[in-house]
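A short write-up of the structure that comes next.
See the structure below:
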């Protein structure tokens, strides 16, 4: 939207004279304010000409091209800023070609200058030329000649310039002619706004764009009538007047639905229960709504809705009674079976419960069954139509009532009425198992076995049967003894032998089940043991005490090493992304704010809500619209890489969004951003142990990557992210494979020369060893609190210095052991560099022994370590050898000595070459 401030035909005020001319103009279009007053300098003339449609128009012309040093000014009146921060000036003009004018060489110009001056009030008085600020020199795209004018061909030029105006309430525009033959036809002054709009049911007002061409103005929206906030609605007004990045929004209230960017009440016969529902729905069967804006439909008479039923479910009825109840008595057990109710009430949650009553003969009195009665599979909440009732009393009358219920039985008050019953009488039954057996009078060949009567004899016990056998025979050879009493004298046993005994009882209905096994051992003493019985465990321990049983178990550990898979080996990038990354439903993502711009699009922060898990803060990278297939593949490849890693010092991939646009990569949110910026912000605020702890985390992550055979290629402090707990995590796995694709890649700005190992620069040999070189640079960055490696040296100088053996000196207050570890990482031969495993072990030792970190280069030498390849100032009382050692160039001691540089004074004459 362009809000026009002024539209006029050359309305100006001279800076040098007070020649006032009044021009009467009409309002040319809505919202355009016409300026009626202007001042003109004597060289500018108001002239009427004919446009290309042969319609007369008023212009201001000047054509003083024969005289040099022209300085003709025209100025508008005071223009109120009206809240604009950047205004645009559209100038339409014609200009005469100097080549068509004879004799004007050196004096004729084909440009003019545009100026502006800000002011808090309308100043009709003289304003100095020096008070104006130049906007631009304006040139014509097309000029005309005298022949053109004769043929009535008008070559109109249109130029637009923008001006940042934020300091005063208004401003003036001025045009300076420096010797051109020009006619100003019209000038239009306007500013841009993002128009009033409704997004996601939130109204965003007409908003003036920001002062800078790249600025974004954050605007909070307000929910439309009959709606509520789902998440705070926000948008950003871009400099071009376009709304960007809608965040959050509103939802129509219950009883209302979205129609045409507004919330309209649901019609009669429709309803909407929750604001999160997509729209109004027709009332479900057996329900109705009699007014507009209903949030729920009422059930018809005789129909009900359970508390747990969704409002979209039809109203239902309780079930009728179960049908065709059948009982089968088996001694003291009863099998009950029935058919489902004829009418289920329109529901599928019918369940059954069983009521058990004991009824006395010849009496109407019935009491609930005891807790010892068993029901299989259960007594309540049954979904099956068959129950086995056991552990009943023999010769007893029982009544069983089967109740049918569903979700609305309680609401209808008919829960107990929907039932069917049956009365049965149990038969004679076998006794229950014997539960307790004891042994006494144990000798070498005999023992006395006794037991208690079964809990449920179910009749008169006729006899007991005892079955026993030697334990090691496992019932392959057993003996049976019968007795009328509850004890038996077992003889003919072997000494020092463990026997297993089972006992069961018999009534007229038959034998009951055998008891559980009881173990007893005979004795080695010819006389019986004193007491009620013998502790079989004690006897076993005594018998087996002559030997010791040894158990040797071997554990076999199978170590599985996970290897990184390059996603670029997949013909279909979608196959790789689906194999290594989890797809996230876009509705689970809530964008809150824009935090930056990435290579492929915007980077935002927000929250991720996954069902069954707690809400977490995440970073969201999006792929901007209009992307190519290659951009899509490169964008998703980073997620395919990250998805293979699982380590506390590697940035964690939460998932991707590929099934809708825009495509997104969701990662954990690191509150403190990149490590280099974080260190620069907190310069000198950490202890050495804290810095070593950060380095330890980075090394741990890199060891994990190297174990997976993954080479990072772009390890630098800018690619390390820091969370709120100061945990450092390796990130940025999207470095393009320029070394394979670009023959000149080694010397382009796309390759991080300052962090790259020499063999990787010269021979494109990227390995874990080249990552170790980069890790040494990261160590230097951390200890120096984000200092730029090699300072202001250009890439070619860095490459040359490294080839000549130069290495970065120790940062200020750097412990000697840390700088030595850096130098080890920067060994020219990659085989001589430490592995990440060795680096990790070294840092762990330093953390366990912090005393080793107290010694710095400053403790060992009082020498100033210079920061360039050749020192500018060094303390002369120290030797060349000490200086070389302090900057890691001791290997050049003999070379310098052979060239005659034997003192620090000599070194001052050294040049870079």
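In mature numbering (1 follows the signal peptide of the UniProt record, and there is no 0), the protein residues as written are -20 to -1, 1 to 893.
In this text, a Cβ means the ideal position worked out from N, Cα and C, and glycines have one as well.
Using three-state DSSP, classify residue 375 as helix, strand or coil.
coil
Beta carbon of residue 695, beta carbon of residue 711: below 8 Å?
no
Which runs of the beta strand (DSSP E) fall wholly inside the stretch 240 to 321 and span at least 3 residues, in chain order?
242 to 245, 303 to 310 and 313 to 319
Residue 836 and residue 795 look like a contact to me (Cβ under 8 Å); what is the Cβ gap, rounded to whole Å?
Yes, they are in contact, since the Cβ atoms of residue 836 and residue 795 sit about 6 Å apart, within 8 Å.
Among residues of its own chain, excluding the 5 on either side of residue 233, which ones have a beta-carbon nearer than 8 Å to its beta-carbon?
206, 207, 208, 243 and 255
I'd like the list of long-range same chain contacts for residue 400, defined as Cβ closer than 8 Å, with 5 residues on each side in sequence excluded.
301, 302, 303, 305, 318, 381 and 382
Return the CA-CA distance between residue 498 and residue 391, expressed in angstroms with no decimal places.
Answer to the nearest angstrom: the Cα atoms are 55 Å apart.
One question on the structure: do residue 413 and residue 494 come within less than 8 Å of each other, judged by their Cβ atoms?
yes
Using CA coordinates, which residue listed in 704, 823 and 87 is at the minimum distance from residue 759?
823
If we ignore side chains and look at the alpha-carbon of each, how far apart do residue 117 and residue 551 end up?
54 Å
The beta strand (DSSP E) with residue 445 in it runs from where to where?
443 to 450
May I have the straight-line CA-CA distance separating residue 13 from residue 157, to the nearest angstrom?
Reliability of the predicted coordinates at residue 13 is poor, the pLDDT of 38 falling under 50, and no value is obtained from them.
Ignoring anything shorter than 3 residues, give me the beta strand (DSSP E) runs that lie fully in the stretch 639 to 678, in order along the chain.
644 to 648
For a test of the three-state rule: what should DSSP assign to residue 346, helix, strand or coil?
strand
Measuring only the C-alpha atoms, how far is residue 600 from residue 297?
Taking the straight line joining both Cα atoms gives about 50 Å.
Cα-Cα, which of 153, 222, 559 and 748 is closest to residue 187?
222
What three-state label does DSSP hand residue 550 in the structure shown?
DSSP, reduced to helix, strand and coil, places residue 550 outside both helices and strands of the structure shown, so it counts as coil.
Just to confirm my understanding: we take residue 355, look at its own chain, exclude 5 residues before and 5 after, and list those with CB closer than 7 Å. What are they?
334, 367 and 369
So, residue 731 versus residue 778, is the Cβ gap smaller than 8 Å?
no
Which whole-angstrom value is the C-beta distance of residue 680 and residue 820, which I expect to be below 8 Å?
With a beta-carbon spacing of about 6 Å, residue 680 and residue 820 fall inside the 8 Å limit used to define contacts.
In whole angstroms, what is the alpha-carbon distance linking residue 358 and residue 313?
14 Å
Suppose only complete runs of 3+ residues qualify. What are the beta strand (DSSP E) ranges in the stretch 50 to 107, listed by chain order?
The stretch 50 to 107 contains these whole beta strand (DSSP E) runs: 52 to 55, 66 to 75 and 91 to 99.
Count the other CB atoms, across all protein chains shown, that sit within 10 Å of the CB of residue 112; report buried if there are 16 or more and exposed otherwise.
buried
Please state the DSSP three-state secondary structure of residue 479.
Residue 479 falls in the strand class under three-state DSSP.
Let me know the secondary structure DSSP gives residue 875 once reduced to three states.
Look at residue 875 here: in three-state DSSP terms it is helix.
Compare the C-alpha of residue 976 against each of 267, 197 and 204 and name the closest.
Outside the shown range of the chain, which is -20 to 893, sits residue 976, and nothing can be said about it.
Would you mind stating whether residue 764 and residue 543 have Cβ atoms separated by less than 8 Å?
no
Out of 194, 70 and 125, point me to the one whose CA is closest to residue 139's CA.
70
Considering only the beta carbon of each residue, do residue 675 and residue 752 sit closer than 8 Å?
Going by C-beta atoms, residue 675 is not nearer than 8 Å to residue 752.
According to the Cβ coordinates, are residue 403 and residue 339 closer than 8 Å?
When the beta-carbon positions are compared, residue 403 and residue 339 come within less than 8 Å of each other.
Residue 843 to residue 597, Cα distance in whole Å?
The predicted position of residue 843 is uncertain, since its pLDDT is 34 and thus under 50; no value can be drawn from it.
Note down the Cα distance separating residue 604 from residue 142, rounded to an integer number of angstroms.
27 Å
On the three-pair Cβ rule with 8 Å, is the stretch 163 to 176 touching the stretch 38 to 51?
yes
Any chance the stretch 588 to 597 sits against the stretch 613 to 622, with 3 or more Cβ pairs inside 8 Å?
No, they do not touch.
Tell me the start and end of each unbroken alpha helix (DSSP H) in the stretch 115 to 180 that is at least 4 residues and wholly inside, in chain order.
126 to 130
Using only the alpha-carbon positions, how far apart do residue 247 and residue 281 sit?
A straight-line Cα-Cα distance of about 22 Å links residue 247 and residue 281.
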